[in-house]
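Sequence positions in the sequence shown follow the UniProt record's numbering and run 1 to 131.
Note that the Cβ used here is the ideal one computed from N, Cα and C, for glycine as well.
Notes follow the structure.
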Amino acid sequence: MTEETSTNSPSSNEPKSVEIVANPEFITWKYPPYCELCNVCFTGESCSKLHFEGQNHKNRLHTWKKYQHSETPSNNLKKFLCEICWKEMDTQRILDDHCKSPAHSKEVKGRSIVKKLKEEYRQLKQSNNIE
Ligand SMILES: [Zn+2]
Ligand SMILES: [Zn+2]
C-alpha cells in the first residue's frame, strides 16, 4: 500500500515581498554587492565601486573603525551611537528621535536585506571556492 501525499503547496499566503537574491555573477566581483555599513545593496560592480569609494561610505567607515578599535569607550567617544546607521548623537534624546525617523527605519529595512544577501553571497563564494 502506498500513500502519496499530494504536493499541494499552499502558496499565495504570503504577501509578495521583494526578494533580493545574490546573483552568481557577483562572486567574481572585487566589491561585494552590498554594503553592511550603509545597509544598501547594488545592482552592479560599478555602483558598488562608486559607493565604496564615496565619501558617504568613508564617513561611516570612519565611525565604525573608531568603535572597533576601542574595547572600552574612551571619553572621546560619544555613547549615543546608532549601530544601524553608524551615526553618533549628542544625547540619548536625539538618538531616540533618530530611531523613530523614517531615515532610520529605511536603514533597518536595508540591513535585513543586506544580511540575507550577505549569507547568500557567502555561500556562493564558498561553493565556488573563491578566496
Ligand atoms: Zn557603505
Ligand atoms: Zn539609525
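Where residue 120 is concerned, the enclosing alpha helix (DSSP H) starts and stops at 102-128. Membership of residue 53 in any alpha helix (DSSP H) is not indicated, and neither H nor E is assigned to it by DSSP. In the three-state scheme derived from DSSP, where H, G and I count as helix and E and B as strand, residue 83 is classed as coil. Relative to ligand 1, residue 85 has its C-beta separated by 7 Å or more from all heavy atoms. Judged by the Cβ position, residue 36 fails to qualify as a neighbour of ligand 2 at the 7 Å threshold, every heavy atom of the ligand being at least this far. At least one heavy atom of ligand 2 lies less than 7 Å from the C-beta of residue 104.
Distance from the CA of residue 60 to the CA of residue 21, rounded to the nearest whole angstrom, comes to 25 Å. Between the alpha carbons of residue 88 and residue 123 lies a gap of roughly 33 Å.
When the Cα atoms are used, residue 83 and residue 128 turn out to be separated by approximately 32 Å. Considering only 41, 30, 33, 32, the residue with the shortest C-alpha distance to residue 106 is 41. Residue 118 is positioned such that its CB atom lies closer than 8 Å to that of residue 34. Scanning 36, 63, 90, 29 for the CA closest to the CA of residue 49 turns up 29.
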